[in-house]
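Numbering (my numbering), first residue to last: 25 to 276.
Beta carbons are placed, not taken as given, at the ideal position from N, Cα and C, and that holds for glycine.
If you're wondering where the values come from, they're calculated on a predicted model, not measured in any experiment.
See structure below.
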Ligand code: PGA
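Right under this line is the structure:
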């Protein structure tokens, strides 16, 4: 059975180890009745060690929300891929729109992915337009993000790659404001085609494409069924256990 990938992007919503530990403990129990879901959590950096402990020997994967483009050295405020690995993370989100808004370029995102690959960690590469263009210009924008990050990547990097399509205008709202399922499907097809032009087609077919942007229990089932995606990157609704479980149940 191919599992539905559901990644919790906690952003700065969950603030301390106690809350993170309690969330992880309950989630572990509940997941026994949700065998069709492959769940990951990306907490703020400082909560990674506590969650690594709380999720040990569970099926829940642990990741980071961002990673440095540098391997080591004089980079104030940065956390390297190797440090993430040592702390228990197995992947990182890269290129999230909230980081791009702070100035992260496509080149930086590519360098981050190569750093992750260097130490054997996976990457969830976020792409998505800031606004829709009636003439379809937003597709060129997504293509540029994919092309600059993925051109000429080694096989081992591609094998641990996940794409998260997150239209920026749909982030942080409610299910009613999220993208419609047909629009998600259209974007997912476009991304799949673009991937096939950038990496070996056999590998491109296997890269999971997630949707993110106001996923809640109310819209998860429809987007999954009609949107042609492998799962979700969930922000605000992932920080509350009941809301997150609502999404996981809707994926059945
Ligand atoms: P949201 O965030 O679910 O709160 O819209 C998604 C994301 O930014 O990853």
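Through-space distance from residue j to residue i, alpha-carbon basis
{"i": "residue 130", "j": "residue 97", "result": "22 Å"}
{"i": "residue 153", "j": "residue 184", "result": "24 Å"}
{"i": "residue 191", "j": "residue 218", "result": "17 Å"}
{"i": "residue 263", "j": "residue 159", "result": "36 Å"}
{"i": "residue 197", "j": "residue 123", "result": "18 Å"}
{"i": "residue 36", "j": "residue 68", "result": "6 Å"}
{"i": "residue 80", "j": "residue 157", "result": "45 Å"}
{"i": "residue 45", "j": "residue 145", "result": "23 Å"}
Helix, strand or coil at residue i [DSSP, three-state]
{"i": "residue 255", "result": "strand"}
{"i": "residue 202", "result": "coil"}
{"i": "residue 235", "result": "strand"}
{"i": "residue 219", "result": "helix"}
{"i": "residue 265", "result": "helix"}
{"i": "residue 126", "result": "coil"}
{"i": "residue 176", "result": "coil"}
{"i": "residue 57", "result": "coil"}
{"i": "residue 30", "result": "strand"}
{"i": "residue 100", "result": "coil"}
{"i": "residue 330", "result": "This structure cannot settle anything about residue 330, because the visible part of the chain is limited to 25 through 276."}
{"i": "residue 114", "result": "coil"}
{"i": "residue 64", "result": "strand"}
For residue i, the nearest candidate out of the options (CA to CA)
{"i": "residue 27", "options": "58, 43 and 238", "result": "58"}
{"i": "residue 109", "options": "263, 101, 149 and 85", "result": "85"}
{"i": "residue 136", "options": "64, 37, 53 and 103", "result": "103"}
{"i": "residue 142", "options": "180, 159 and 79", "result": "180"}
{"i": "residue 149", "options": "268, 31 and 274", "result": "31"}
{"i": "residue 91", "options": "72, 100, 221 and 117", "result": "117"}
{"i": "residue 25", "options": "259, 260, 254 and 205", "result": "254"}
{"i": "residue 210", "options": "227, 226, 224 and 162", "result": "162"}
{"i": "residue 226", "options": "248, 182, 189 and 245", "result": "182"}
Buried or exposed (CB count within 10 angstroms, at least 16 for buried), residue i
{"i": "residue 120", "result": "buried"}
{"i": "residue 166", "result": "buried"}
{"i": "residue 252", "result": "buried"}
{"i": "residue 60", "result": "exposed"}
{"i": "residue 208", "result": "buried"}
{"i": "residue 221", "result": "exposed"}
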